[in-house]
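S.K.: Can you keep this structure in mind? I'll have questions shortly.
Residue numbers (UniProt numbering): 1 to 601.
See below:
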């Protein structure tokens, strides 16, 4: 899951970092899909510990889990968690931050992209940030768009109220099973909001509730022309939009497959547009394991061609003179998105000249095409992927798996025989960090065997295989009875190892002001090529502890709260500790006991 390069979603997460002396009070994310490396990057950003690669150390990760456990929830469409080929064992504890919306995607999808974050300030004030856009919480490299609004309790020049923000916050809070939804709504309704420079905030278009359509018609007033940017299209919506504004001033920017499809549709839905531009299709499987084709080896990084820019942004522009009213968010240019069949969110703003350069960039990177060229273009061959995706949706609609637990023995209880769309497709399932097991025909339950506490998770993985490929993903399910409270402690202690534990205690004693060493959070302990060797590092000494106490009398108490439980967990679950490391740990325990005695006297 480690990526040596920074990724395009990193600036978005950087904007969510708390300011100096601030802490995150609440963070609610809505997204269609996630990958767990991006979830970890978000958590690290929310404690201001994400690095320029969207990662952090094992100690950073432990701090994020500890500080954000009851404050962050990420609401996703059921079954839309990417399962990478190599899943770090510690990633299983991210289950506590994920809430799945059990929508049947054959009828309705949870499709919004939202980040709503509240920050506690040093003087007791609360600051808010609201981001609405098209980016899922994944490491996708597609072109996306979003709007970041800053919220304050104080009125000031340029700040406005945002009608409907309370209802939005309440829906997210209830979806996250929070009991303070009404209180959150009340707080949000009292917030004053700043739009980005060069933009004026007009309204919130909230289509999260079932059956609530978004207003798709142009805003009131004269419309000289339109620009629609959307990777996915439907003929009815495109036909309708082709009548907005003045003829000769309508631009459509979409993906090549979507445009090719529209050019073949009866009714000529593209005819109303005077300018049509194409991008590569977004990676619709980026939220899943890639389609594996028999006999085809993936290209190595050295052999791979640079990926062309792919479009995933959704922007609807209505031009009138020198100003543009635009709608930005999650809704594609499809009837399903705007008619209430999906849960969607958009924000409407007025833009001046500042918006022109961004729009010119999107237009300049696209390829102009004609309807005649599109009509004779070869449609992409997606039959294998489409069939597997159809089976996934049928499965998601037919089962509600529960992870049954008897001590350390687990099984998946589907409640009914799982259904697939095609008889040649085969289902496999398993624990997040274990092997995939074949699901027997007509079986309702799958035995997973025993799983140690440090590897237990509410995530399961599933794979549908067919003659021409396979599709693999993860789900967050109910565990019955719930996992033991000590699960996080066991997992983190096992993952961190002794060196990171020393680093963590030193960081807490210093008030988190010292740089933290150790390996990246997603490097599993015991892998010699990844983790630095445990020997030869700076061990905590009695002098270190007493010096920290002299500088900050509360420092030792902060660290002591974690010390004994983690030592016990390291000894109980530290399978990778050598005899020398165990001796080192016992020495640290003795030093800590001396410090505790001295500082208590």
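Positions of the beta carbon are idealized from the N, C-alpha and C atoms, including for glycine.
What are the complete alpha helix (DSSP H) segments, minimum 4 residues, inside the stretch 147-194?
M.R.: Qualifying alpha helix (DSSP H) stretches, in chain order: 165-175 and 181-189.
S.K.: Which value, in whole angstroms, describes the spacing of the CA atoms of residue 363 and residue 222?
M.R.: Using only the alpha carbons, I get a separation of about 24 Å.
S.K.: Which two residues bound the contiguous alpha helix (DSSP H) that contains residue 338?
M.R.: Where residue 338 is concerned, the enclosing alpha helix (DSSP H) stretches over 335-338.
S.K.: Please say whether residue 169 and residue 185 have beta carbons closer to each other than 8 Å?
M.R.: Result yes, Cβ atoms of residue 185 and residue 169 sit closer than 8 Å.
S.K.: Beta-carbon separation of residue 193 and residue 149 under 8 Å?
M.R.: Yes, these two residues count as a Cβ contact at 8 Å.
S.K.: By DSSP, does residue 312 sit in helix, in strand, or in coil?
M.R.: Correct three-state label for residue 312: coil.
S.K.: Measure the alpha-carbon distance for residue 342 versus residue 358 and round it to whole angstroms.
M.R.: Answer to the nearest angstrom: the Cα atoms are 28 Å apart.
S.K.: Quick one: what does DSSP say residue 585 is sitting in, helix, strand or coil?
M.R.: Helix at residue 585.
S.K.: State the Cα-Cα distance for the pair residue 109 and residue 32, rounded to the nearest angstrom.
M.R.: Roughly 8 Å separates the two Cα atoms.
S.K.: Just mark residue 524 as buried or exposed, buried being the case when its beta carbon has 16 or more other beta carbons within 10 Å.
M.R.: With 16 or more other Cβ atoms within 10 Å, it is buried.
S.K.: Provide the residue(s) that pair with residue 572 in DSSP beta bridges, ordered along the chain.
M.R.: None; residue 572 has no bridge partner.
S.K.: Just to confirm my understanding: we take residue 312, look at its own chain, exclude 5 residues before and 5 after, and list those with CB closer than 8 Å. What are they?
M.R.: The residues are 134, 135, 140, 142, 143, 144, 231 and 282.
S.K.: Give the single residue among 429, 372, 407 and 383 whose Cα lies nearest to the Cα of residue 395.
M.R.: Selected option, being the one with the closest Cα: 429.
S.K.: When the Cα atoms are used, what is the spatial distance from residue 279 to residue 321?
M.R.: If I take the Cα positions, the gap works out to 28 Å.
S.K.: Does the beta-carbon of residue 288 have 16 or more other beta-carbons within 10 angstroms, so that it is buried, or is it exposed?
M.R.: Low confidence applies to residue 288: its pLDDT is 33, below 50, so where it sits in the model is not reliable, and the reading given next is rough at best. By the 10 Å Cβ count, residue 288 comes out buried.
S.K.: Less than 8 Å between the C-beta atoms of residue 501 and residue 566, yes or no?
M.R.: Yes, Cβ-Cβ distance for residue 501 and residue 566 is below 8 Å.
S.K.: Just to confirm the assignment: which complete beta strand (DSSP E) runs, minimum length 3, are found wholly within the stretch 442-487?
M.R.: The qualifying runs are 445-450, 459-466, 469-476 and 478-480.
S.K.: Please give the ranges of any alpha helix (DSSP H) in the stretch 328-388, keeping only runs that are unbroken, at least 4 residues long and fully inside the region.
M.R.: Here the runs fully enclosed are 335-338, 354-365 and 371-376.
S.K.: Quick check on the DSSP output: what are the complete beta strand (DSSP E) runs of length 3 or more inside the stretch 546-571, in order along the chain?
M.R.: Correct list: empty.
S.K.: Between the Cα of residue 417 and those of 397, 189 and 38, spot the shortest distance and give me the residue it belongs to.
M.R.: It is 397 whose Cα lies nearest to the Cα of residue 417.
S.K.: Starting from the N-terminal side, write out each stretch of the beta strand (DSSP E) that is 3 residues or longer and does not extend beyond the stretch 19-104.
M.R.: Within the stretch 19-104, the complete beta strand (DSSP E) runs of at least 3 residues are 23-30, 72-77 and 98-101.
S.K.: Using C-beta distances below 8 Å, list every residue in its chain close to residue 425, excluding the 5 sequence neighbours before and after it, in chain order.
M.R.: Hits under 8 Å: 387, 388, 391, 464, 465 and 466.
S.K.: Under 8 Å: do the stretch 177-191 and the stretch 317-332 share three or more Cβ pairs, one atom per stretch?
M.R.: No, because fewer than three Cβ pairs between the stretch 177-191 and the stretch 317-332 fall closer than 8 Å, the two stretches do not touch.
S.K.: Can you list, in chain order, the residues of its chain with a C-beta nearer than 6 Å to that of residue 375? Leave out the 5 residues immediately preceding and following it.
M.R.: Cβ within range, chain order: 263.
S.K.: Which residue marks the beginning of the alpha helix (DSSP H) containing residue 138, and which one marks its end?
M.R.: Careful: residue 138 lies outside any alpha helix (DSSP H) and carries neither H nor E.
S.K.: Could you tell me whether the stretch 543-560 touches the stretch 466-486, using the rule of 3 or more Cβ pairs below 8 Å?
M.R.: No, because fewer than three Cβ pairs between the stretch 543-560 and the stretch 466-486 fall closer than 8 Å, the two stretches do not touch.
S.K.: Measuring alpha carbon to alpha carbon, tell me which residue in 225, 448 and 599 is nearest residue 413.
M.R.: That would be 448, whose Cα lies nearest to the Cα of residue 413.
S.K.: Could you say which of 356, 270, 419 and 153 lies nearest to residue 440 if we only look at CA atoms?
M.R.: Of the candidates 356, 270, 419 and 153, the one whose C-alpha sits nearest the C-alpha of residue 440 is 419.
S.K.: Who does residue 233 pair with in a DSSP beta bridge?
M.R.: Answer is 333.
S.K.: How many angstroms separate the CA atom of residue 161 from the CA atom of residue 350?
M.R.: Their Cα atoms are separated by approximately 15 Å.
S.K.: What is the residue span of the alpha helix (DSSP H) that residue 222 lies within?
M.R.: Taken as a continuous stretch (DSSP letters only), residue 222 belongs to no alpha helix (DSSP H), as it is neither H nor E.
S.K.: Going by alpha carbons, who is nearest to residue 237 out of 130, 218, 361 and 499?
M.R.: Ranking the options by Cα distance to residue 237, first place goes to 218.
S.K.: In whole angstroms, what separates the C-alpha of residue 241 from that of residue 270?
M.R.: Their Cα atoms are separated by approximately 9 Å.
S.K.: With respect to the beta strand (DSSP E) encompassing residue 260, which residues constitute its N-terminal and C-terminal limits?
M.R.: Premise fails: residue 260 lies in the alpha helix (DSSP H), 256-263, not in any beta strand (DSSP E).
S.K.: Mind checking which residues open and close the beta strand (DSSP E) that includes residue 116?
M.R.: Counting along the chain, the beta strand (DSSP E) containing residue 116 begins and ends at 114-120.
S.K.: Are the beta-carbon atoms belonging to residue 75 and residue 176 less than 8 Å from one another?
M.R.: Yes, the pair counts as a contact, with Cβ atoms nearer than the cut-off.
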